[in-house]
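Before any comments, here is the structure.
As structure tokens, this is what we get:
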């Protein structure tokens, strides 16, 4: 998304940082964020600082529920106002729109561009998308902020195709009895609902007068009690139908209500009747085009816009209840992952040690005869990749120990007679550096299917067959790393922080008072946490270390090494066809870091390329590799 917070809601206190990657980011020399709070405060300007050649950062006061803003170029007076509907950012939640549609790639009432603009205007961070053309949904669901559904109707698609799409990342099924002209309780749907029951995925269903009446949907829910049904719109018709839908949901625990085209007062009544755990927000965007959330005159019964209604509910409902309505229920129902939680330096040392241990196992599968084999790293063969891995491992060790790293070349020499012993020794030294003091053992947060009964959708941001976690307008520029002999473009520095003195040594990470778990990555301004790790900015204060990409917060440096080691381990295993089971917890954690540190819009095609499609059923390591632009060698 063009504007997003760098910290999760729990860390947005006092002040917090917003990152901008929109159309003015590349060429502008002087950007300001023009903003107001909750629609009532007097607008004011906050200067933005260039982060890299594709993004800027503003640190803003945090108060109220929302920030509405535009970005201005102080030199040219150009304005990015999100196609005249402005940007909105929610402060205490990361909202999910559980009901959006796309039927064309571009603009128009149901165009992809219109939907993206509308979601920006509503402050949505994720959306659940469907349309009768499942092939089109495959394309648009390449975006990291979209989760697809499979549109089914009696007679098509085939059960086999439905299974394939669910295995490839779709989060559930979409039924529209009114549009496709069949009664909602028809037994012709039974093969699809049996699949949903077996897979543990929800089924969304349009609810309206006639063939999509809630009474018919009730029969469906009674026939398949293991399937969770979501009534889109609750009921798109007179209030009487809404009351019946609510009564059915009160009696049947597998019925959920979605509130598109419901006034905020009606949504509040549904929450009161059914409870906060089975009512979720959706908008039916972008049937009203880019202005779907901000329409004037109001588009919800000519009384409210979506933005005004949601803000009203944010002020009226308890914070936890509002969060369930606009975020948590949808995330749990559709298996939408949350941003990676912050990790302290001690946790990251343990995670890096786990990644290095996995690398050591893969190295055992490499043979000298493999040195000339190709790898997923474009022009690199196994020999060159091993030379880079050796450099990464030594740099990681030196960084953990607080030693300068700039004397270590990007690719080190690999001798056929000694490479194995040299690499093993380097990995062992790096592991000892990470575990020199007792470090917590690392295990990733539970997968969604472990945390949410009945849900099988992975917590990794993308599943096989979709383009891995690509945000808007991300494109691949050729699957390539720097060729041998050329310095590799920094994986994180030019995208995340201002480089300082890269050669200066610092204290060991996590081993001195200056770099404790509490202090790692803290800058001297006291700003809110950024980067999705424990780091708190780009300053050179306590907890900063010398890394290959410059001086930066300790936790950010460690995070970069975790991603590098994890993905290069996959590169190596794929290059030699090693039959080594890779650690899903390490890969899932590395994915959470990579999504924040190296989003596709900041890549230059050298260190990491744009995301590519992962194979159906891909494991966590393959999903990480796909997100970072890797293709398995053929």
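In the numbering used here, the protein residues as written are 2 to 635.
Where a beta carbon is used, it is the ideal one built from N, C-alpha and C, also for glycine.
Original post:
What does residue 38 pair with, by DSSP beta-bridge criteria?
Top reply: Position 37 of the chain shown holds residue 38. Its beta-bridge partners are 68.
Original post:
Do residue 369 and residue 410 have their C-beta atoms within less than 9 Å of each other?
Top reply: Against the chain shown, residue 369 aligns to sequence position 368. Against the chain shown, residue 410 aligns to sequence position 409. Not closer than 9 Å, so no.
**OP:** Please check the pair residue 213 and residue 178, which I expect to be a contact at CB under 8 Å, by giving their CB distance rounded to whole angstroms.
**Re:** Start at 1 with the first residue of the chain shown, and residue 213 comes out as number 212. Start at 1 with the first residue of the chain shown, and residue 178 comes out as number 177. At roughly 4 Å, the Cβ-Cβ gap stays under 8 Å, so residue 213 and residue 178 are in contact.
**OP:** Give the straight-line distance between the Cα atoms of residue 415 and residue 384, rounded to the nearest whole angstrom.
**Re:** Counting from one through the chain shown, the residue named residue 415 turns up at place 414. Counting from one through the chain shown, the residue named residue 384 turns up at place 383. Distance between the alpha carbons of residue 415 and residue 384: 7 Å.
**OP:** Give the secondary structure of residue 186 by DSSP, where H, G and I count as helix, E and B as strand, and everything else as coil.
**Re:** Position 185 of the chain shown, counting from 1, holds the residue named residue 186. Residue state, collapsed to three classes: coil.
**OP:** Report buried or exposed for residue 188, applying the criterion of at least 16 other Cβ atoms within 10 angstroms of its Cβ.
**Re:** Here residue 188 refers to the residue found at position 187 of the chain shown. Exposed, because fewer than 16 other Cβ atoms sit within 10 Å of the Cβ of residue 188.
Subject >> residue 307 - containing alpha helix (DSSP H), residue span >> reply: Start at 1 with the first residue of the chain shown, and residue 307 comes out as number 306. Taken as a continuous stretch (DSSP letters only), the alpha helix (DSSP H) holding residue 307 covers 307-317.
Original post:
According to DSSP, what are the bridge partners of residue 592?
Top reply: In the chain shown, the residue the question calls residue 592 occupies position 591. In DSSP, residue 592 forms no bridge with anything.
Original post:
Which residue's Cα is closest to the Cα of residue 311: 332, 244, 184, 124?
Top reply: By one-based count along the chain shown, residue 311 stands at place 310. Out of 332, 244, 184, 124, 124 has the C-alpha closest to the C-alpha of residue 311.
**OP:** Could you name the residues of the same chain whose beta carbon sits closer than 8 Å to that of residue 198, not counting the 5 residues immediately before and after it, in chain order?
**Re:** The residue given as residue 198 occupies position 197 in the chain shown. Hits under 8 Å: 225, 227, 228.
Subject >> Outcome for residue 157 when other beta-carbon atoms lying within 10 angstroms are tallied against a minimum of 16 >> reply: Numbered from its first residue, the chain shown carries residue 157 at position 156. Exposed.
Subject >> Residues bridged to residue 259 [DSSP beta-bridge criterion] >> reply: The count along the chain shown starts at 1 and reaches residue 259 at position 258. Its beta-bridge partners are 281.
Subject >> residue 49 - DSSP class collapsed to helix/strand/coil >> reply: In the chain shown, counting from the first residue as 1, residue 49 sits at position 48. Looking at residue 49 - three-state DSSP - the assignment turns out to be coil, as it is neither helix nor strand.
Original post:
Roughly how many whole angstroms lie between the Cα atoms of residue 424 and residue 393?
Top reply: As a first step, residue 424 must be located in the chain shown, where it is residue number 423. As a first step, residue 393 must be located in the chain shown, where it is residue number 392. Each residue's alpha carbon lies about 11 Å from the other.
Subject >> Other residues of its chain near residue 259: CB distance less than 6 Å, five sequence neighbours each side excluded >> reply: For the purposes of this step, residue 259 is identified with residue 258 of the chain shown, where counting begins at 1. 99, 100, 231, 233, 281, 283.
Original post:
Which residues in the same chain have their Cβ closer than 6 Å to the Cβ of residue 36, if we skip the five residues on either side of it in sequence?
Top reply: Looking up residue 36 in the chain shown gives position 35. Same-chain partners within the cutoff: 68, 70.
Original post:
What number of angstroms, rounded off, separates the C-alpha of residue 569 from the C-alpha of residue 622?
Top reply: Taking the first residue of the chain shown as 1, we reach residue 569 at position 568. Taking the first residue of the chain shown as 1, we reach residue 622 at position 621. In a straight line, the C-alpha of residue 569 is about 10 Å away from that of residue 622.
**OP:** Name the residue from 276, 266, 46, 274 whose alpha carbon lies nearest to the alpha carbon of residue 306.
**Re:** Looking up residue 306 in the chain shown gives position 305. Minimum Cα distance to residue 306 is reached at 266.
Subject >> N- and C-terminal bounds of the beta strand (DSSP E) containing residue 79 >> reply: Within the chain shown, residue 79 is the residue found at index 78, counting from 1. Taken as a continuous stretch (DSSP letters only), residue 79 belongs to no beta strand (DSSP E), as it is neither H nor E.
**OP:** Starting from the C-beta of residue 334, find all residues in its chain whose C-beta is less than 6 Å away, skip the five residues before and the five after it, and write them out in chain order.
**Re:** Taking the chain shown and counting its residues from 1, one reaches residue 334 at position 333. So the qualifying residues of the chain are 203.
Subject >> Rounded C-alpha distance that separates residue 23 from residue 32 >> reply: Within the chain shown, numbered from 1, the residue matching residue 23 stands at position 22. Within the chain shown, numbered from 1, the residue matching residue 32 stands at position 31. Computed Cα separation, rounded: 11 Å.
**OP:** Give the secondary structure of residue 199 by DSSP, where H, G and I count as helix, E and B as strand, and everything else as coil.
**Re:** Translated into positions along the chain shown, residue 199 becomes position 198. Three-state result, residue 199: helix.
Subject >> Integer-rounded CB distance, given that residue 289 should sit under 8 Å from residue 110 >> reply: Here residue 110 refers to the residue found at position 109 when the chain shown is read from its first residue. Here residue 289 refers to the residue found at position 288 when the chain shown is read from its first residue. Correct: roughly 7 Å between the Cβ atoms.
**OP:** Using the DSSP secondary-structure output, state which residues sit across from residue 74 in a beta bridge.
**Re:** As a working note, residue 74 is residue 73 in the chain shown. According to DSSP, residue 74 bridges with 32.
**OP:** Please check the pair residue 631 and residue 377, which I expect to be a contact at CB under 8 Å, by giving their CB distance rounded to whole angstroms.
**Re:** The residue labelled residue 631 in the question sits at position 630 within the chain shown. The residue labelled residue 377 in the question sits at position 376 within the chain shown. Sure, about 4 Å apart at Cβ, within 8 Å.
Subject >> Beta-ladder partner(s) of residue 207, from DSSP >> reply: As a position in the chain shown, residue 207 is number 206, starting the count at 1. Answer is 233.
**OP:** Sort 143, 159, 236 by Cα distance to residue 208 and report the nearest one.
**Re:** Sequence index remark: in the chain shown, residue 208 carries index 207 (1-based). Nearest of 143, 159, 236 to residue 208, Cα basis: 236.
**OP:** Starting from the Cα of residue 593, find the closest Cα among 349, 50, 174, 301 and give me that residue.
**Re:** Reading the chain shown from its first residue, position 592 is the one you call residue 593. The option with the nearest alpha carbon to residue 593 is 349.
**OP:** May I have the straight-line CA-CA distance separating residue 152 from residue 413, to the nearest angstrom?
**Re:** Here the question's residue 152 lines up with position 151 in the chain shown. Here the question's residue 413 lines up with position 412 in the chain shown. Residue 152 and residue 413: Cα-Cα distance of roughly 52 Å.
Original post:
Taking the alpha helix (DSSP H) that residue 62 falls in, what are its first and last residues?
Top reply: Within the chain shown, numbered from 1, the residue matching residue 62 stands at position 61. Element bounds for residue 62: not the alpha helix (DSSP H) but the beta strand (DSSP E), 56-62.
Original post:
Going by C-alpha distance, which of 295, 552, 358 is nearest residue 407?
Top reply: Here residue 407 corresponds to residue number 406 of the chain shown, with the count starting at 1. Comparing Cα positions, the closest option is 552.
Subject >> DSSP three-state assignment for residue 381, whether helix, strand or coil >> reply: Position 380 of the chain shown, counted from the first residue, corresponds to residue 381. DSSP places residue 381 in coil when its eight states are reduced to three.
Original post:
Going straight from the alpha carbon of residue 3 to that of residue 599, what length do you get?
Top reply: Taking the first residue of the chain shown as position 1, residue 3 is located at position 2. Taking the first residue of the chain shown as position 1, residue 599 is located at position 598. Rounded to the nearest angstrom, the two C-alpha atoms are 15 Å apart.
Original post:
What did DSSP end up calling residue 452 once you bin it into helix, strand or coil?
Top reply: Position 451 of the chain shown holds residue 452. Here the model assigns residue 452 a pLDDT of 33, short of 50, so the residue's position is not dependable and the matter cannot be decided.
**OP:** For residue 420, count neighbouring Cβ atoms within 10 angstroms of its own Cβ and tell me buried if that reaches 16, exposed if not.
**Re:** What you label residue 420 is simply residue 419 of the chain shown in a count that begins at 1. Per the 10 Å Cβ criterion, buried.
Original post:
Starting from residue 153 and walking both ways along the beta strand (DSSP E), at which residues does that stretch end?
Top reply: Taking the chain shown and counting its residues from 1, one reaches residue 153 at position 152. Looking at the DSSP string, residue 153 is not in any beta strand (DSSP E), and its letter there is neither H nor E.
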